[in-house]
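Chemist: Numbering-wise (numbering that gives the first Met the number 0), the sequence shown opens with residue 0 and increments by one.
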Amino acid sequence: MKKLLLTAVVCLAVSSTFGQRKRHRSRPVYSSSPVYYTVSFPNAVHHEAEIVMTLTSVPQGPLRVRMSRSSPGRYATHEFGKNIYNVKAYTNKGTELPIKQIEGDVYEIPSHQSVVNISYTLFGNWVDGTYAGIDAGQAHLNMPASFMWAVGFDRRPVKIQFIDLDKHQWKVSSQLKYEGNATYTAPNLQYMMDSPTELSGYKQVSWEVTNPTGKRQKINLNVYSDDNQQVINSFAQMVQKVVLEEQAVFGELPDYDYGEYTFINNVHSTVNGDGMEHRNSTIITDPIDKIEGNEVQVLGTFSHEYFHSWNVERIRPKSLEPFDFTHANQSSELWFAEGFTQYYGEMLLKRAGFYTVDDYAQVLDGLVNSALNTPGAKKYPPVQMSRYAVFADAGVSIDMNNNSNIFTSYYVYGGATALALDLRLRAEFNLTLDDYMRFVWKKYGKTEKPYTVPMLQLALAQFTKEPAFASDFFRQYIYGIEKNNYEALLANAGFLVSKASADKAWAGNLSTGGGRVKSGQAHASYAGDGVLIAIPTVQNTPWYKAGLDAGDVILTIDGQTVKTAKDIEGIIGSKKPGDKLAVKYRNRSGEHNTNVTLEVSPYYDVISFEKAGKTLSKEQETFRNNWLQSKVK
């Protein structure tokens, strides 16, 4: 079968050329020597694909081919090479060539002719925005996790042919350009690797959006789920509202390379939740049974990822240029690229009518506390938290880290920064963050001129015509750890920022994962005869001050045996701030006793004036409406 595939791939026509398009990740070139791939799935039920890469016009000398170790939209390193095997090389006539594995994901062919074929088996059983997932019903292919590539061939056009689509009853969902005969093309390696591709029996809804210039572009919603077409049609109407609100922020859609943008959505309880942006598409995986009944829940990811088609895909950090597939690109700009996108992804759901004022107050609650009440944000600035993404963004490691005390996500930290800047621009300059984003779009995005942090500061200075304001804002809140006055800023829009109830006891977070915990809620692992603290306790919490940390097993509190986190929560709920808990715990050094002094939670609640029983002034109502009402005309 491999020889048949080799013959098929070599016989593909090579006369097609690729139009030279403006690309932010690399510049395409005209070439008569594409890189060819054929992909088949004879053993899909066991999560395998068979892939053949054919290289033509190969220069003399050792040829190196490899798998990637990073993926567009991800900021940490991943070991994709572990999931390929049976790697072989052949001549054009099918004669096997010597091939040597010189690194875990790098192979070398020392001697060869001008045409070289490399075949291998890909295993994929992880459906998300980074990896590959193959089974009887789908082939979910994130390209860096799926395709080997040849070193030095990155500027050549790419052609990919999918074999036996009819056999599996699959259609292809991708931003790659369709050329007929189940063949899809990309102008170069960068574009191909940025083009996730889903083969499945998905349902589709398409519509057009018109730019102010009159240019019409197509938006595709391709959903592989157990929902019926009517549900997908209704959901598409919701997505359309989000698309229009985002267009209103920037004043126009980007010029998508082939005149269309595609949402690739995979929905099932067995997939892994993720959303990953790409230049002309996004891959969104939702670990739920169906979209029906969960529309608003999943819509936030759509809103976030679509905003990326401006912010990060075209308004692009220079630190991600060019994207390096051999290791993770470190960036100081993710507070803007991801954080400002996080802010808009949620706020635009309010403008589009999917959130109430009180729904959005809960979002504000999370942003404010991320900036004011996480150890990472108290100690480190947004630029430093951005750089930590090389370790934090779904990074591959098995050892414990201390992220609960040293890292605040650039998503929410940057989102809180965007919130403050938006409210300050409105209150101090009668300007908006929308205006600033349009300014940055025209200056760096539409021109596809990669930016740095100083360039964003310069843009803010030019936009506000107040260099001192821009300098102070970046010095204090981007390079520094000073905090904005969220209480005063949000009061302008009729939101109350206040501390939690003074009569409610709080001990901090016991957790198997990070996140904010209110009112003494505890999340910890069951340890048989007690409750295991699974990750480091958070600095300045009562648990931390009492000397409890990861690896300790809490046995009793005030003489009561505890078996679950709910047991601990119940005990704390019956206490008041200032009360002491007598805690007996065990670790490797034996059994110990300590006292935990309960406190008032430092976290803030953000609620609307109306919900707090306060009167909303006309000025506050106007400010809020100008901020949160729809901008679609």
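Cβ atoms here follow ideal geometry from the backbone N, Cα and C, with glycine treated the same way. The structure presented is a predicted model; accordingly, all values stated were derived computationally and were not measured.
Assign Glu102 to one of three DSSP states: helix, strand, or coil.
Modeler: Sequence index remark: in the sequence shown, residue 102 carries index 103 (1-based). The answer is strand: DSSP assigns Glu102 an E or B state.
Chemist: Is it buried or exposed, Ala135, if we count other Cβ atoms within 10 angstroms and call 16 or more buried?
Modeler: Here residue 135 corresponds to residue number 136 of the sequence shown, with the count starting at 1. With fewer than 16 other Cβ atoms within 10 Å, it is exposed.
Chemist: CB-CB under 7 angstroms to Ala247, same chain, minus the five flanking residues each way: which ones, in chain order?
Modeler: By one-based count along the sequence shown, residue 247 stands at place 248. So the qualifying residues of the chain are Lys630, Val631.
Chemist: Verify whether the separation of the beta carbon atoms of Ala88 and Val241 is less than 8 angstroms.
Modeler: On the sequence shown, position 89 is the one that residue 88 refers to. On the sequence shown, position 242 is the one that residue 241 refers to. Not a contact, by the Cβ cut-off of 8 angstroms.
Chemist: Alpha carbon to alpha carbon, how far is Gly470 from Met436?
Modeler: Taking the sequence shown and counting its residues from 1, the one referred to as residue 470 is at position 471. Taking the sequence shown and counting its residues from 1, the one referred to as residue 436 is at position 437. This sequence places Ser at residue 470; Gly is not what is there. Their backbone Cα atoms lie some 18 angstroms apart in a straight line.
Chemist: Judging by CA-CA distance, which residue of Tyr412, Val367, Thr120 is the nearest neighbour of Asp388?
Modeler: Within the sequence shown, numbered from 1, the residue matching residue 388 stands at position 389. Note on residue identity: the sequence assigns Ala, not Asp, to residue 388. Selected option, being the one with the closest Cα: Tyr412.
Chemist: By a C-beta neighbour count over all protein chains shown, 10 Å radius and 16 as the cutoff for buried, is Lys579 buried or exposed?
Modeler: For the purposes of this step, residue 579 is taken as the residue at position 580 of the sequence shown. Lys579 is exposed by the Cβ-count criterion.
Chemist: Tyr342 to Pro453, Cα distance in whole Å?
Modeler: For the purposes of this step, residue 342 is taken as the residue at position 343 of the sequence shown. For the purposes of this step, residue 453 is taken as the residue at position 454 of the sequence shown. Answer to the nearest angstrom: the Cα atoms are 21 angstroms apart.
Chemist: Can you give me the start and stop residues for the beta strand (DSSP E) that His303 sits inside?
Modeler: Position 304 of the sequence shown, counted from the first residue, corresponds to residue 303. Careful: His303 lies outside any beta strand (DSSP E), inside the alpha helix (DSSP H) at 294–306.
Chemist: Any idea what DSSP makes of Leu420, helix, strand or coil?
Modeler: Along the sequence shown, read from residue 1 onward, the residue named residue 420 stands at position 421. Leu420 falls in the helix class under three-state DSSP.
Chemist: Is there contact between the segment 426–441 and the segment 499–511, where contact requires at least three CB pairs shorter than 8 angstroms?
Modeler: The segment 426–441 is not in contact with the segment 499–511.
Chemist: Could you tell me how far apart the beta carbons of Pro195 and His277 are, in whole angstroms, since I believe they sit closer than 8 angstroms?
Modeler: Taking the sequence shown and counting its residues from 1, the one referred to as residue 195 is at position 196. Taking the sequence shown and counting its residues from 1, the one referred to as residue 277 is at position 278. Contact holds; Cβ gap of about 6 angstroms.
Chemist: Give me the Cα-Cα distance between Glu465 and Lys214, rounded to the nearest whole angstrom.
Modeler: Locating residue 465 in the sequence shown gives position 466, counting from the first residue. Locating residue 214 in the sequence shown gives position 215, counting from the first residue. Roughly 35 angstroms separates the two Cα atoms.
Chemist: Given a threshold of 16 other Cβ atoms within 10 Å of its Cβ, counted over all protein chains shown, does Thr300 qualify as buried or as exposed?
Modeler: Numbered from its first residue, the sequence shown carries residue 300 at position 301. When all chains shown are included, Thr300 counts as buried.
Chemist: Only counting the same chain, and skipping five residues up and downstream in sequence, which positions put a Cβ closer than 6 angstroms to that of Gly514?
Modeler: By one-based count along the sequence shown, residue 514 stands at place 515. With a pLDDT of 32 at Gly514, under the threshold of 50, the predicted position of this residue should be treated as unreliable, and no value is reported.
Chemist: Going by C-alpha to C-alpha distance, which of Ser56, Gln137, Gly72, Ser145 sits closest to Thr37?
Modeler: The sequence position of residue 37 within the sequence shown is 38, counting from 1. For the residues Ser56, Gln137, Gly72, Ser145, the minimum Cα distance to Thr37 belongs to Ser145.
Chemist: Do three or more CB pairs link the segment 35–50 to the segment 113–131 at distances below 8 angstroms?
Modeler: Cβ pair count under 8 angstroms is three or more, so yes.
Chemist: Between the segment 284–297 and the segment 143–161, do three or more beta carbon pairs fall short of 8 angstroms?
Modeler: No, they do not touch.
Chemist: Can you check which of these residues, Trp206, Ala419, Gly394, Asn368, is closest to His326 by C-alpha distance?
Modeler: Counting from one through the sequence shown, the residue named residue 326 turns up at place 327. Cα-wise, what sits closest to His326 is Gly394.
Chemist: Tell me, which residues are paired with Met399 by DSSP?
Modeler: The residue you call residue 399 lines up with position 400 of the sequence shown. Paired residue(s): none; Met399 is not in a bridge.
Chemist: Based on Cα-Cα distance, which residue from Thr596, Ala564, Ile567 lies nearest to Pro576?
Modeler: Here the question's residue 576 lines up with position 577 in the sequence shown. It is Thr596 whose Cα lies nearest to the Cα of Pro576.
Chemist: Would you mind working out which of Glu320, Val204, Arg63 sits nearest Asn264, comparing C-alpha positions?
Modeler: Numbered from 1 along the sequence shown, position 265 holds the residue referred to as residue 264. Closest by alpha carbon: Val204.
Chemist: Taking the alpha-carbon positions, what's the Gln216 to Leu252 distance?
Modeler: Here residue 216 corresponds to residue number 217 of the sequence shown, with the count starting at 1. Here residue 252 corresponds to residue number 253 of the sequence shown, with the count starting at 1. Rounded to the nearest angstrom, the two C-alpha atoms are 8 angstroms apart.
Chemist: From which residue to which residue does the alpha helix (DSSP H) around Phe701 run?
Modeler: In the structure as shown, the chain begins at 0 and stops at 632. Residue 701 is therefore absent and cannot be evaluated.
Chemist: Taking the alpha-carbon positions, what's the Glu427 to Asn483 distance?
Modeler: Numbered from its first residue, the sequence shown carries residue 427 at position 428. Numbered from its first residue, the sequence shown carries residue 483 at position 484. Answer to the nearest angstrom: the Cα atoms are 14 angstroms apart.
Chemist: May I have the straight-line CA-CA distance separating Val34 from Gly414, to the nearest angstrom?
Modeler: Here the question's residue 34 lines up with position 35 in the sequence shown. Here the question's residue 414 lines up with position 415 in the sequence shown. Roughly 41 angstroms between the two C-alpha positions.
Chemist: Between Phe306 and the rest of its own chain, which residues show a CB-CB distance below 6 angstroms, the 5 nearest in sequence each way excluded?
Modeler: Locating residue 306 in the sequence shown gives position 307, where the first residue counts as 1. Within the same chain, Phe306 has close Cβ partners Glu245, Thr340, Tyr343, Gly344.
Chemist: Please classify Gly338: does DSSP put it in a helix, a strand, or coil?
Modeler: On the sequence shown, residue 338 is found 339 positions in, with the first residue counted as 1. Of the three classes helix, strand and coil, the one that applies to Gly338 here is helix, per DSSP.
Chemist: Need the endpoints of the beta strand (DSSP E) that Glu259 sits in, please.
Modeler: Here the question's residue 259 lines up with position 260 in the sequence shown. Looking at the DSSP string, the run of the beta strand (DSSP E) that includes Glu259 is 259–266.
Chemist: Who are the near neighbours of Asn293 in its chain, counting only those whose CB is closer than 6 angstroms to its CB and skipping five residues on each side?
Modeler: Position 294 of the sequence shown, counted from the first residue, corresponds to residue 293. The residues are Ile287.
Chemist: Between the alpha carbons of Gln19 and Val157, how many angstroms are there, rounded?
Modeler: In the sequence shown, residue 19 corresponds to position 20, counting from 1. In the sequence shown, residue 157 corresponds to position 158, counting from 1. Its pLDDT being 29, under 50, Gln19 is placed unreliably in this model, and the value from its coordinates should be taken loosely. Taking the straight line joining both Cα atoms gives about 14 angstroms.
Chemist: Which same chain residues, not among the five before or five after Asn221, have their C-beta less than 8 angstroms away from its C-beta?
Modeler: Within the sequence shown, numbered from 1, the residue matching residue 221 stands at position 222. Excluding residues within five positions, the ones whose Cβ falls inside 8 angstroms are Ser172, Glu197, Tyr201, Lys202, Gln203, Thr261, Phe262, Ile263, Asn264.
Chemist: How many Å lie between Ile477 and Tyr485 at the Cα?
Modeler: Position 478 of the sequence shown holds residue 477. Position 486 of the sequence shown holds residue 485. Each residue's Cα considered, the two are about 16 angstroms apart.
Chemist: Measure from the C-beta of Asn594 to each C-beta in chain D and report whether the shortest distance is under 8 angstroms.
Modeler: In the structure shown, chain D does not exist; there is a single protein chain.
Chemist: Assuming Ile98 contacts Val114 under a Cβ cut-off of 8 angstroms, what Cβ separation, rounded to an integer in Å, is found between them?
Modeler: What you label residue 98 is simply residue 99 of the sequence shown in a count that begins at 1. What you label residue 114 is simply residue 115 of the sequence shown in a count that begins at 1. Not confirmed; about 15 angstroms, so no contact.
Chemist: If distances are taken between C-alpha atoms only, which option among Val126, Ile83, Ile133, Ala138 comes closest to Ile117?
Modeler: Locating residue 117 in the sequence shown gives position 118, counting from the first residue. Nearest C-alpha to Ile117: Ile83.
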